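Q: Line by line, the protein sequences give chains A, B, C and D. With our numbering, letter number 311 in the first sequence gets 311, and the count goes up by one each step, no holes. With our numbering, letter number 267 in the second sequence gets 267, and the count goes up by one each step, no holes. With our numbering, letter number 211 in the third sequence gets 211, and the count goes up by one each step, no holes. With our numbering, letter number 261 in the fourth sequence gets 261, and the count goes up by one each step, no holes. A virtual CB, placed ideally from N, CA and C, is assigned to each residue, including glycine. Nothing here was measured: the structure is a model prediction, and the numbers come from that model.
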Amino acid sequence: MKHVKNLALSTAVALGVAFSGVLSEAAKAEDSNYVPLLTYRTGPFAGSGIHIANGMADYLHMLNERDGGIGGVRLEIEECETGYNAQKGVECYEATKGKGALVYNPYSTGITLQLIPKASVDKIPVLSMGYGLSAAAVGETFPWVFNVPDTYWDGASVVIKYIGEQEGGRENLKGKKIGYIFLDAGYGREPIPLLEQLAEKYGFELLQYPVPGKEMQNQSSQWLNVRRDRPDYMVMWGWGAMNPTAIKEAVKIRFPMDKFIGVWWSAGEDDAAAGGAAAAGYKAMNFSGVGMDFPALQDIKKYVVDTGKVPTDPESMGGTLYNRGVLNSVIIAEGIRTAQELTGKKVITGADMRMGLESLDLTEERLAELGLSGFAHPMKVTCDDHAGSHPVFIQEWDGEKFVKVTDWIEPMRDVVRPLLEAAAADYAEKNAPWPARTEPCPN
Amino acid sequence: MFYREAGQYKTSYEADQALFPIRQDLVGIGVILLVAFVVIPLTANDFFLASIMIPFLVFSLAAIGLNVLTGFCGQLSLGTGAFMGVGAYAAYKLTTIFPDVNVVFLVLLSGFFAAFIGAIFGLPSLRIKGLYLAVTTLAAQFFLEWCFIRIPWLYNYNASGAIEIPKREMFGVVVSGAEATPLARYFVVLSITVAIAFLIANVLRGRIGRSWMMIRDMDIAAELMGIRPLQTKLMAFAVSSYICGVAGAMMVFFWLNAAEPSSYSITLSFQILFMVILGGLGSLGGAFLGAAFIWILPVALKFIPGAIGIEIGAETVEHLTFMVVGALIIFFLIVEPHGFARLWQIAKQKLRVWPFPY
Amino acid sequence: MNAFVAKDELPQSVPATNSDVLLRVDNVSLAFGGVKAITDISFDILKGEIRAIIGPNGAGKTSMLNVINGFYHPQEGTITWRGSVRSKMRPYEAASQGIARTFQNVALFKGMTTLDNIMSGRSLKMHRNFFWQLLWRGPAEREEIEHRRKVEDIIDFLEIQAIRKTPVGRLPYGLQKRVELGRALAMEPELLLLDEPMAGMNLEEKEDMSRFILDVNQEFGTTIALIEHDMGVVMDLSDRVVVLDYGRKIADGSPEDVQKSQAVIDAYLGVSH
Amino acid sequence: MLYDIFIDPFVQMYQMPDFFLQVLWEGFVAGILYALIALGFVLIFKASGVFNFAQGIMVVFAGLTLVGLHENGVPAYLALILTIGVMGILAYSIERVVMRPLVNQPDIILLMATIGLTYFLIGFGEFIFGGEPKRMIADELGLPTGSTAFEFGERGLVILQHIDVAAAVIAIIMVATLGVFFNKTRIGRALRAVADDHQAALSVGISLNQIWAIVWFAAGLVALATGIMWGARSDVSFALEIIAFKALPVLILGGFTSIPGAIIGGLIIGFGEKIGELYWGGLVGGGIESWLAYIIALIFLLFRPQGLFGEKIIERV
């Protein structure tokens, strides 16, 4: 035992020594643009996180392989594993920001919230594509945060609009019951103010079914409540293991699946497949293309997946979440390209990136050039509106795959925008003194 | 040889009861404080301060808090995370209600709220002991976590459901909020941690500390010696929760900047418990060693492969980290269940007799 | 010598005047579920005496001590302490009234040093509150040192100076017993209950312990009630002896009387009832 | 307010009896599943005094091994047998590497060791199987997946999931088998001897190491059954590890060492939780399931500190 103790002692010492050696940070390569990706392939939300992470990383790697980067400068891509954990997220941020990070994609509302105040201080923009703080759409208050193409409030308004259409007009919503099942965290709670406002406006009743993060896989109570309350529609804001469980439970209580609509984060194939054929009819919003019929995706397959440069399973390509990750990287890449054009520099900084993102204009033509025609709705960021309230579509699970069933639906901008502005003002007031915008508008 | 106390005589009980009766220890502590207050601020970069030292100190303080309860008073608690959360939310509410009051003062004040809640959840400890008590502290953990989500007043009705830390200054230096430099935050965290550590060391060597240890070592005998078990245990719960509450408030105010309820989940409770056990139950120094091990090891593991030029995916590193941390925990428990504090003693013993084996 | 002593002819102790009685136990019974540990026992302890409680294993001796210091609550009977009937009380209340004890299987605080263990006996006499303790310098330190002096006296008295800073878990059994006595003495009790203070000791250790007990009784005037199996020790030390068997009192009186009692002889030799 | 607390819930139960029955059924199924997890804890605690926190991750690990093997082309039943083998190896390794060197350590150290084991198995499991959730191969294992609806009154409906029925049946068979095993076989008797007194058991020639390996293996089998059942209800993923926490209140209620206690405790918690959530949860915004079980257990504990089936503790000095 004595020797083992010595071993333990020396292990402790060795670890200490090894660690002190690690602290010297790797110097930033001068001729590349550094993009850290905060991803999670572990932890309770890995099921959703892996596909997103693959999509994001693969597209950027493909640009390196195919085009040698962007504007002739290679991208240095580094993944940092957060496990959807706020502590690790901040640690990843601190560890990577010194290397000249251009932009952060936290993929967690919690981590996004922590990075928002830091963004303006460290001069590195945060891109929270379709998640995070809705109010961040107000560019005047949040010059460093981008949540293009849509906020959750846009999404919530689209759902209500769609349900209204199904009922033959929004006036018919009066007296209807709409159930809202959500992950009981900042993420799931965000849409509630808007839904409540719409409930008042159109006279429907909003029923809330929170799912605690720990109980994601144990939702029988929530769905029993649904069964008792018999809502006409169910709307879901779920993530990770919550989605498949909810869909299974819905099947179990024989809820009419065609009246069950999820947000774009509840749109994974794995999620719906959990309910099997009985889940056919389940709908989810989406703003990125489904399937592999895009030249850019074929390029990803050809340049990086088939050559074994990335660990992606070819089967999973073209899925909703994978493509979502790709879209995220398309926005990053276009932001970098725009920034390069605006500044004339090849190697850009976080501040340049911010200008690039604020001038982002992903037109139909540009999408076609990228080999992604029809992959997403054209999107444009303005200094005033960092989300843009872009249209989204609804896809339906046919038992085997998702099929697009509606055309692009415009969010209710008139309802969403005032709420966003009020929320931004509220945020600034609660976090007083919140810095006023000093960054000039690049366009 | 190097660590020899022979020839140091005490001529008064005062000297004998000092915190560091042996000269080498006193010098050692002096050197550590010198490094902490002078050398590190002068040499360390922002990453080291913000991602290593600040979390390390916050966790050390939390580990001291739990150590008071578990290590000194023998009451096993799995609700540390929630008690830290109470401190954080209390401090957040206090800064909203009293925006002009010094933020460090409010952070220290917030601990009292945690102490109060901790004492309430300590009540069952009179009837429930050991592992059963540990499981009941989970009731505190889950109930409080639920409160953090369900009582919007606690987070000022923020749409995000999280608390976000405003900018606050002290002596003209920004100490909280995003603009605060790691250095400023480091000094605040370091000062609070060191101050509380010294104060609690005083309590532990006096009557109250002894009464906790009496309850820990043999509660029946303690009661027969005139110790009131409920009062003593509740006091331990309150003091422990106070310290944890301050640590929790520091965690969000001077480290994370924003916190969701999930920041104070059961995972955090386990993290702190690991630090206490590995550091050594009933050892204040051990709390620091344990915190260093549990916080710094995963960070180090994350960077070691890159530093020695091995390319492995971020998720593989994470998996390996889990495996290594888990395995090392078991390894250290097997080798030395009394933690690093005991290993340190053994090391001192070796230095004392060096170069002879005994 | 009578071959047979009827129960009602038990040798009785000389009736004492009320003021001399420190503690009186009247008709106490204690049961755990269906198991009767003590049945209808009465006896008293006089101020300043050494009272022995003896009996075969399982006679209910330790239970009796537990009843006296409030750890068990008897279902029937009363306990009169210094002339007033004691209501149901918690052990810490008994301690604050001046009852201290040692245990059959040493119940020291294993993680603490000898010094701290004995200091713990001073707990009831120390009063500086939490905030003085935080500061240490000043009143808390002065109080600590004042009591440290008293504790050092006890350490000198018990001749355990050398193990002052040793964690008690590492001490041999005999020394642990001695430290435990020290801890009880530190409480400056009026009544000291000793549960087999000499169990497992060799002759030399027993002699030391006997000397300590006598010194405590004579120098400090502490009343002592002790349980002991070594008859030689009991007969030498004690002023009066009460004998229990199967939870009942079978004899009470001076050592000489008790020795002669047939009931006692039967109980020890195992005559069938 | 008082009406909402004391009257309305019962009115609702009376007015919608079909729904109340459904709630009871869901409570029953949840209770059975909680009892299964709790059973894993009890087995190990009884034999070795180890509070095995790793039971939750063992559930995930067993489930993932089964599904993972099947994904790699192993037929379902063969995969099941292989998984049982894997759990055996795991049990043996845990006994050999973790438990044996930690004999006679305090409770808390053993508890920490199992939490360390949890960390290790999380990393190891994700390393091998990846972090994404997997679909349980219920169909392939011949488990029923449909559902039957019973008409009840006019528009009443009680839906029974076949998989839930199967879960209940399997759980009952499992408990019965374990009961027979412990009461009728030589190893079972040895195990009870060990539970009573380690040293006495050692002195009559019972091998502690062997017994421990066996209980860890038995707990592994229980974990596998739990993994299949929970996996079929949702998915097999690492988020499932958390269900271990659901078993803890059950343990407090039933006592750490009582197998009937685990089952009855599981049912009480299952029923209590579902009825509480559905009839009273709405009053405070719902989602009270995450702590209700603990509060129920805590209240029980204040009156019976030794749990429902534990023996009354008589303290001695």
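So with Cβ pairs under 8 Å, would you call D:Asp4 a contact of chain B?
A: Output row for D:Asp4: interface = no.
Q: In the stretch 182-204 of chain B, which residues sit with their C-beta less than 7 Å from some C-beta in chain C, listed in chain order?
A: Of all residues in the stretch 182-204 of chain B, Leu199, Asn202, Val203 have a Cβ within less than 7 Å of some Cβ in chain C.
Q: In chain order, which beta strand (DSSP E) runs of at least 3 residues are fully inside the stretch 193-273 of chain A?
A: Qualifying beta strand (DSSP E) stretches, in chain order: 205-211, 233-237, 260-262.
Q: Determine which residues share a DSSP beta bridge with A:Glu78 and list them.
A: In the DSSP output, where bridge partners are listed per residue, A:Glu78 has A:Pro36.
Q: Between which two residues does the beta strand (DSSP E) holding B:Met84 run?
A: Segment 80-97 is the alpha helix (DSSP H) holding B:Met84; no beta strand (DSSP E) there.
Q: Measuring CA to CA, which of B:Gly111, B:Glu14, B:Leu154, B:Gln8 is closest to B:Asp25?
A: With distances taken between Cα atoms, B:Asp25 lies closest to B:Gln8.
Q: Three-state secondary structure (DSSP) at D:Gly265?
A: Helix.
Q: Below 8 Å between beta carbons is the criterion; list the residues of the stretch 300-317 of chain A that meet it against any residue of chain B, in chain order.
A: Under the 8 Å Cβ criterion, the stretch 300-317 of chain A contributes Pro311.
Q: Check whether the Cβ atoms of B:Ser60 and B:Ala291 sit closer than 8 Å, and answer yes or no.
A: Yes, Cβ-Cβ distance for B:Ser60 and B:Ala291 is below 8 Å.
Q: CA-CA distance, A:Leu420 and A:Thr320?
A: If I take the Cα positions, the gap works out to 27 Å.
Q: Can you find at least 3 beta carbon pairs, one from the stretch 227-243 of chain D and one from the stretch 58-72 of chain D, that sit closer than 8 Å?
A: With the cut-off at 8 Å, the stretch 227-243 of chain D and the stretch 58-72 of chain D touch.
Q: A:Leu23 to B:Phe56, Cα distance in whole Å?
A: Interpretation of A:Leu23 is limited by its pLDDT of 45, a score under 50 that renders its predicted location unreliable; the figure taken from the coordinates is listed afterwards. Distance between the alpha carbons of A:Leu23 and B:Phe56: 15 Å.
Q: C:Ile145 and C:Thr114 look like a contact to me (Cβ under 8 Å); what is the Cβ gap, rounded to whole Å?
A: Actually they are not in contact, since the Cβ atoms of C:Ile145 and C:Thr114 sit about 18 Å apart, beyond 8 Å.
Q: Could you work out which residue in B:Pro261, B:Pro229, B:Met323, B:Pro337 is closest to B:Met275 when comparing CA atoms only?
A: Of the candidates B:Pro261, B:Pro229, B:Met323, B:Pro337, the one whose C-alpha sits nearest the C-alpha of B:Met275 is B:Pro337.
Q: Does the pairing of the stretch 310-324 of chain B with the stretch 116-123 of chain D give three or more beta-carbon distances under 8 Å?
A: Enough Cβ pairs lie closer than 8 Å, so yes.
Q: Under 8 Å between the Cβ atoms of A:Asp31 and A:Val304?
A: No, they are not a contact pair.
Q: Which of the three DSSP states, helix, strand or coil, is assigned to A:Ala29?
A: Because the pLDDT of A:Ala29 is 48, which lies under 50, any placement of that residue in the model is unreliable, and the number read from its coordinates should be weighed accordingly. Three-state result, A:Ala29: coil.
Q: Taking a contact to mean a Cβ-Cβ separation below 8 Å, would you say B:Val103 touches B:Ser191 in this structure?
A: Not closer than 8 Å, so no.
Q: Can you tell me whether A:Asn218 is buried or exposed, with buried defined as 16 or more other CB within 10 angstroms of its CB?
A: By the neighbour-count rule (16 or more Cβ atoms within 10 Å), A:Asn218 is buried.
Q: Under 7 Å from any heavy atom of the ligand ZN, does the C-beta of D:Gln306 make it?
A: In the structure on display, the ligand ZN does not appear, and there are no ligands present to speak of.
Q: For B:Gly209, which residues in the same chain have their Cβ closer than 7 Å to its Cβ, ignoring the five residues on either side in sequence?
A: Closer than 7 Å at the Cβ level, and outside the excluded window around B:Gly209, lie Phe72, Val203.
Q: Just to confirm, is the Cβ distance from C:Ile118 to C:Ile154 under 8 Å?
A: Going by C-beta atoms, C:Ile118 is nearer than 8 Å to C:Ile154.
Q: Tell me the DSSP bridge mates of D:Leu134?
A: With the sequence shown as reference, residue 134 of chain D is identified as Lys, and Leu is not the correct amino acid for it. Note: D:Lys134 sits in a beta bridge opposite D:Val236.
Q: When the Cα atoms are used, what is the spatial distance from D:Phe303 to B:Pro124?
A: One C-alpha to the other measures close to 11 Å.
Q: Starting from the N-terminal side, write out each stretch of the beta strand (DSSP E) that is 3 residues or longer and does not extend beyond the stretch 12-74 of chain C.
A: If we require 3 residues or more, the beta strand (DSSP E) runs fully inside the stretch 12-74 of chain C come out as 21-32, 35-46, 50-54.
Q: With a 10 Å radius around its C-beta and 16 neighbouring C-beta atoms as the bar for buried, classify D:Ala47 as buried or exposed.
A: So D:Ala47 counts as buried.
Q: Closer than 8 Å, Cβ to Cβ, to anything on chain D: give me those residues from the stretch 234-261 of chain A, in chain order.
A: The stretch 234-261 of chain A vs chain D, Cβ under 8 Å: Gly240, Ala241, Pro244, Thr245, Lys248, Lys252, Ile253, Arg254.
Q: Compute the Euclidean distance between the alpha carbons of D:Ala200 and D:Ala193, then round it to the nearest angstrom.
A: Using only the alpha carbons, I get a separation of about 8 Å.
Q: Determine the burial state of B:Phe366: buried for a count of at least 16 other Cβ atoms within 10 Å of its Cβ, exposed for fewer.
A: Beyond the ends of chain B as shown, which are 1 and 358, falls residue 366 of chain B; an answer cannot be given.
Q: Kindly indicate the opening and closing residues of the beta strand (DSSP E) around A:Asn286.
A: 283-286 is the span of the beta strand (DSSP E), which, as asked, contains A:Asn286.
Q: What did DSSP end up calling D:Gly156 once you bin it into helix, strand or coil?
A: In this structure, D:Gly156 counts as strand in the three-state DSSP scheme.
Q: Are A:Lys283 and A:Glu396 closer than 8 Å when you measure CB to CB?
A: Cβ distance < 8 Å, so A:Lys283 and A:Glu396 count as in contact.
Q: Quick one: which chain C residues come within Cβ less than 9 Å of B:Arg352?
A: What B:Arg352 touches in chain C: nothing, since even the nearest Cβ is about 15 Å away.
Q: What are the boundary residues of the alpha helix (DSSP H) that B:Ser176 is part of?
A: Looking at the DSSP string, B:Ser176 is not in any alpha helix (DSSP H); the run it does join, the beta strand (DSSP E), is 173-176.
Q: Can you tell me the Cα-Cα spacing of A:Gly100 and A:Gly388, whole angstroms?
A: About 28 Å.
Q: Under the three-state reduction of DSSP, which class applies to C:Ser84: helix, strand or coil?
A: In this structure, C:Ser84 counts as strand in the three-state DSSP scheme.
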